[in-house]
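Trainee: Here it is, the structure, as structure tokens.
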Amino acid sequence: MPAAMPGAMQPFNHKAAICILVALAASGILGANLGHSQAIGAYEIDPKASRVEIHVFRAGTFSGLGDDHTIELRRFSGTASRATGGPWQVHVVGESASLTVLDPGLSVSSRGEVQGTMLGPTQLDVARFPEIEIKSRSVAPGKAAGSLLLEADLTLHGVTRPVEFPINWTEDAKGLHAQGTKKLLLRDFDIQPIRKFFGTIQVRNDFDVVYDIRLSRHD
Numbered sequence: 001m002p003a004a005m006p007g008a009m010q011p012f013n014h015k016a017a018i019c020i021l022v023a024l025a026a027s028g029i030l031g032a033n034l035g036h037s038q039a040i041g042a043y044e045i046d047p048k049a050s051r052v053e054i055h056v057f058r059a060g061t062f063s064g065l066g067d068d069h070t071i072e073l074r075r076f077s078g079t080a081s082r083a084t085g086g087p088w089q090v091h092v093v094g095e096s097a098s099l100t101v102l103d104p105g106l107s108v109s110s111r112g113e114v115q116g117t118m119l120g121p122t123q124l125d126v127a128r129f130p131e132i133e134i135k136s137r138s139v140a141p142g143k144a145a146g147s148l149l150l151e152a153d154l155t156l157h158g159v160t161r162p163v164e165f166p167i168n169w170t171e172d173a174k175g176l177h178a179q180g181t182k183k184l185l186l187r188d189f190d191i192q193p194i195r196k197f198f199g200t201i202q203v204r205n206d207f208d209v210v211y212d213i214r215l216s217r218h219d
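Residue numbers (this note's numbering): 1 to 219.
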């Protein structure tokens, strides 16, 4: 975003938030679907058929001067396996450096500036923390039909927190399909929302991770 725009800093913080959210979404979907499935074996995330996005929002008295942002996690992988009579084991890893700013309203140079700040040492610091990791703890039925609740450990920016991911899922001959949205907080992962001009322009602490994941059976 051009330097003259006060909201330029918002995208930076949003990206960090997005990165975290994106990785969580992918992991949550995978674990929940498999946990409820009757199938025995192993599944892998199909990255070409899957999508993880993070939505970050502006706040403050002059929030109209800033921008909401959409970020996509381009590279992530995951596996889920289960032996007969045993629990599902889910492990998902996302590459922090693959977070990409999609905002069509920004120029190419502005998107590059926002992305560079997001991945840099003051935000995600991908040189020190190149991966976002999720490890499942348990999977339980959700309140609605076709829903699950995945409890997992999420590691982002060097901080590990327990997170519950809601998932709506279906199973067919091709494998598993999981969808959901999870709200996360930047400060939970030691990421401080950026504030400008005495807080009149700032990034909200909360952000949404939206995931649409396809899992294929791996024989």
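Idealized CB from N, CA, C, for every residue including glycine.
So the beta strand (DSSP E) alanine 163 belongs to, where does it begin and stop?
Mentor: Sequence index remark: in the sequence shown, residue 163 carries index 163 (1-based). According to the sequence provided, residue 163 is valine. The question's alanine does not apply to it. It spans 159-172 - the beta strand (DSSP E) in which valine 163 sits, taken as one unbroken run.
Trainee: With distances taken Cα to Cα, identify the nearest neighbour of valine 101 among Arg111, Glu95, Gly94, Lys135.
Mentor: Residue 101 sits at position 101 when you count from the first residue of the sequence shown. For the residues Arg111, Glu95, Gly94, Lys135, the minimum Cα distance to valine 101 belongs to Arg111.
Trainee: Going by C-alpha distance, which of Asp103, Trp88, Pro193 is nearest glutamate 151?
Mentor: For this step, residue 151 is matched to residue 151 along the sequence shown. Closest option to glutamate 151, Cα to Cα, is Trp88.
Trainee: For threonine 155, which residues from the same chain have a beta carbon less than 6 Å from its beta carbon, with the 5 sequence-adjacent residues on both sides left out?
Mentor: Start at 1 with the first residue of the sequence shown, and residue 155 comes out as number 155. Within the same chain, threonine 155 has close Cβ partners Glu133.
Trainee: If I follow the unbroken beta strand (DSSP E) through threonine 70, where does it start and stop?
Mentor: As a working mapping, residue 70 is identified with position 70 in the sequence shown. 69-73 is the span of the beta strand (DSSP E), which, as asked, contains threonine 70.
Trainee: Is alanine 178 closer than 8 Å to isoleucine 167 when the C-beta atoms are compared?
Mentor: For this step, residue 167 is matched to residue 167 along the sequence shown. For this step, residue 178 is matched to residue 178 along the sequence shown. Result yes, Cβ atoms of isoleucine 167 and alanine 178 sit closer than 8 Å.
Trainee: Rounded to whole angstroms, what's the CA-CA distance from methionine 118 to lysine 182? Just pull it up for me.
Mentor: Start at 1 with the first residue of the sequence shown, and residue 118 comes out as number 118. Start at 1 with the first residue of the sequence shown, and residue 182 comes out as number 182. Each residue's alpha carbon lies about 21 Å from the other.
Trainee: In terms of residue numbering, what span does the alpha helix (DSSP H) encompassing glutamine 115 cover?
Mentor: Stepping through the sequence shown from its first residue, residue 115 is reached at position 115. Counting along the chain, the alpha helix (DSSP H) containing glutamine 115 begins and ends at 108-119.
Trainee: Could you give the C-beta distance for glutamate 131 and glycine 94, rounded to a whole number, given that I count them as a contact under 8 Å?
Mentor: Position 131 of the sequence shown holds residue 131. Position 94 of the sequence shown holds residue 94. Their Cβ separation, rounded to whole angstroms, is 7 Å, which keeps glutamate 131 and glycine 94 in contact under 8 Å.
Trainee: Glutamine 123 to glycine 158, Cα distance in whole Å?
Mentor: Locating residue 123 in the sequence shown gives position 123, where the first residue counts as 1. Locating residue 158 in the sequence shown gives position 158, where the first residue counts as 1. Looking at the two C-alpha atoms, the distance is approximately 12 Å.
Trainee: Specify the secondary structure class of histidine 83 as computed by DSSP and reduced to three states.
Mentor: For this step, residue 83 is matched to residue 83 along the sequence shown. Note on identity: in this sequence residue 83 is alanine, with histidine being the wrong assignment. Alanine 83 falls in the coil class under three-state DSSP.
Trainee: Measure the alpha-carbon distance for glycine 142 versus serine 107 and round it to whole angstroms.
Mentor: Counted from its first residue, the sequence shown places residue 142 at position 142. Counted from its first residue, the sequence shown places residue 107 at position 107. Cα-Cα distance, rounded: 42 Å.
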